[in-house]
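This report refers to the structure that appears directly beneath it.
In full-length UniProt numbering, the protein residues as written are 1 to 126.
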């Protein structure tokens, strides 16, 4: 991984992502370690109560990516969000995402403490 980071240091984020997506040695290393660890990996169809989901802006929509679901979940169009910059500038994307999290996760499990939210974005836009 260190070699890959050195080789891609001068590339754009999009170009780096492409390298990671197509690097067979990285995929092979990941595959060799994915079944190792301190706990057994549950079958894909298992009902698990803790996992990760991601919310992304895609073509003007708020989309939920959840590895336990067969397809992405489209939570609808972000009002006034033709581009990510538009949606972020007016905080519409953030507000819509928080609304979905409140409704779909927090309200369905009141009192649940095993919950975290992390926002990843461009520091220049903040």
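Just so it is clear, CB atoms sit at the ideal spot from N, CA and C, and this is done for glycine as well.
Is the Cβ-Cβ distance between residue i and residue j less than 8 Å?
| i | j | result |
| --- | --- | --- |
| residue 16 | residue 8 | yes |
| residue 93 | residue 111 | no |
| residue 56 | residue 66 | no |
When DSSP labels each residue in this structure, what does residue i get in the three-state scheme?
| i | result |
| --- | --- |
| residue 117 | coil |
| residue 47 | coil |
| residue 54 | strand |
Where does residue i land, buried or exposed, given buried means 16+ other C-beta within 10 angstroms?
| i | result |
| --- | --- |
| residue 62 | buried |
| residue 78 | buried |
Using only the alpha-carbon positions, how far apart do residue i and residue j sit?
| i | j | result |
| --- | --- | --- |
| residue 99 | residue 6 | 40 Å |
| residue 71 | residue 59 | 16 Å |
| residue 102 | residue 85 | 24 Å |
| residue 83 | residue 119 | 18 Å |
If I'm right that residue i touches residue j with Cβ under 8 Å, what's the distance once you round it to whole angstroms?
| i | j | result |
| --- | --- | --- |
| residue 11 | residue 20 | Actually they are not in contact, since the Cβ atoms of residue 11 and residue 20 sit about 11 Å apart, beyond 8 Å. |
| residue 51 | residue 68 | 6 Å |
Taking 8 Å as the threshold (beta carbon to beta carbon), is residue i in contact with chain C?
| i | result |
| --- | --- |
| residue 104 | Reference to chain C is not applicable here, since this structure consists of a single protein chain. |
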